[in-house]
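To start, the structure under review is shown below, and the notes come after it.
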Amino acid sequence: MHIKSLKLLVLAMAASLSLSGCGVFGEKGDETRTWSASKLYAEAKDEMSSGGYEKAIQYFEKLESRFPFGTYAQQAQIETAYAYYKQGDQAQALAAVERFIKLHPNHSHVDYMYYLRGVINFNDQVGLFNFLANQDITERDPKASRDSFDAFKQLAIQFPDSKYTPDAILRMKYLVNALAQYDVHVARYYLRRGAYLAAANRAQAAIKEYPDAPAIEEAMYILIRSYDAMGLVELRNDANRVFTQNFPKSDFLAGKGRGRDAWWKFW
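Going letter by letter, the sequence shown gives residues -20 to -1, 1 to 247 in mature numbering (1 follows the signal peptide of the UniProt record, and there is no 0).
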């Protein structure tokens, strides 16, 4: 064949491929192109069951794109958020949740999405317990726990009869204890380093914000020690009086320190 004719043939073939576009590499190569909404949903659920979250997300997104106005599409949005959560992609999971709540505020399962939003933040990494290992406790940001608490609180207020609300309330109690314990750890950190005013202020904040949390016992003890170190005798005596009235059998009074079981073990 003449070289010029060969070049023309190659150009024609390239143009044909370009025009056909997804015909070769796109939709025609997609095994799901003829699947119905129910088929896509079923296959996505199967992938979820076997831990194939990435594939499941792809199927759910195809379903929503091809059948945007059906009930399957709304369910796919819910499942997508959960799949991202199970995959460990917190940012995408939260974005999917927020999108669903915004698009379907009156959906029959929107309560679940509020619950899922709380759970996603609740399980952010290892939560506040990272600071119990090697991380400096003053570097931990309890924002995820606060966001989780707010999500559960919103669920409990807006949907008091939801089947998810009892568990949300339990988690809220857990988070209150976690946040109180965080403040107490920070107060103890300041106390050990001789920053007595900072320790007292942090202990006072914990006592004021979380008065019923188990960690308040230690917060009161830190407050007494901080006042004593600063020479604030009257404030120390007042704090000690309140402490002994509320915790007459405290391990701290016996000089045993934090001898009780960890507050979080009930979970």
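Note that beta-carbon positions come from the ideal geometry of N, C-alpha and C, so glycine has one too.
Annotated three-state conformation of histidine 84 is coil, per DSSP. Scanning its chain for C-beta atoms nearer than 7 Å, with the 5 sequence neighbours on each side dropped, one finds around tyrosine 144 the residues Asp91, Tyr92, Tyr95, Leu135, in chain order. Of the residues assessed, lysine 188 falls on the exposed side of the cut-off, its CB having fewer than 16 other CB atoms within 10 angstroms.
With contact defined as three or more Cβ pairs closer than 8 Å, the region 39 to 51 and the region 71 to 85 are not in contact. Tyrosine 190 is positioned such that its CB atom lies closer than 8 Å to that of alanine 160. For alanine 175, the secondary structure class from DSSP, reduced to helix, strand or coil, is coil. In the three-state reduction of the DSSP assignment, aspartate 141 falls in the coil class, being assigned neither a helical nor a strand state.
Spanning the alpha carbons of tyrosine 39 and tyrosine 52 requires a straight line of approximately 12 Å.
In the structure shown, the three-state DSSP call for phenylalanine 223 is helix. Annotated as distal: tyrosine 176 and methionine 200, with beta-carbon spacing of 8 Å or more. Exposed is the label assigned to asparagine 217, since fewer than 16 other Cβ atoms lie within 10 Å of its Cβ.
Relative to the Cα of tyrosine 65, the nearest Cα in the group Ile204, Ile100, Ser29 belongs to Ile100. Burial of histidine 165 is indicated by the presence of at least 16 other C-beta atoms within 10 angstroms of its C-beta.
With a beta-carbon spacing of about 7 Å, histidine 87 and glutamine 54 fall inside the 8 Å limit used to define contacts.
Take the alpha-carbon of aspartate 163 and the one of alanine 36: they are about 41 Å apart. Cβ neighbours of isoleucine 196 within its own chain (closer than 6 Å, five residues either side excluded): Ile187. In this structure, DSSP gives alanine 17 a helical state, which the three-state scheme calls helix. Remark: C-beta atoms of isoleucine 204 and asparagine 226 do not approach each other more closely than 8 Å. Contact between tyrosine 33 and glutamine 67 holds: CB atoms are separated by about 4 Å, below the 8 Å threshold.
Counting along the chain, the unbroken alpha helix (DSSP H) around tyrosine 52 starts and ends at 51 to 67.
Ranked by Cα distance from asparagine 103, the options Pro85, His84, Ser128, Phe80 are led by Ser128.
For proline 228, the secondary structure class from DSSP, reduced to helix, strand or coil, is coil.
Of the residues Lys133, His84, Lys82, Arg79, the one whose Cα lies closest to the Cα of glycine 98 is Lys133.
CA-to-CA, the gap between arginine 13 and aspartate 192 works out to about 58 Å. Sequence-distant Cβ neighbours of glutamine 57 in its own chain, meaning closer than 6 Å and more than five residues away, are Phe80.
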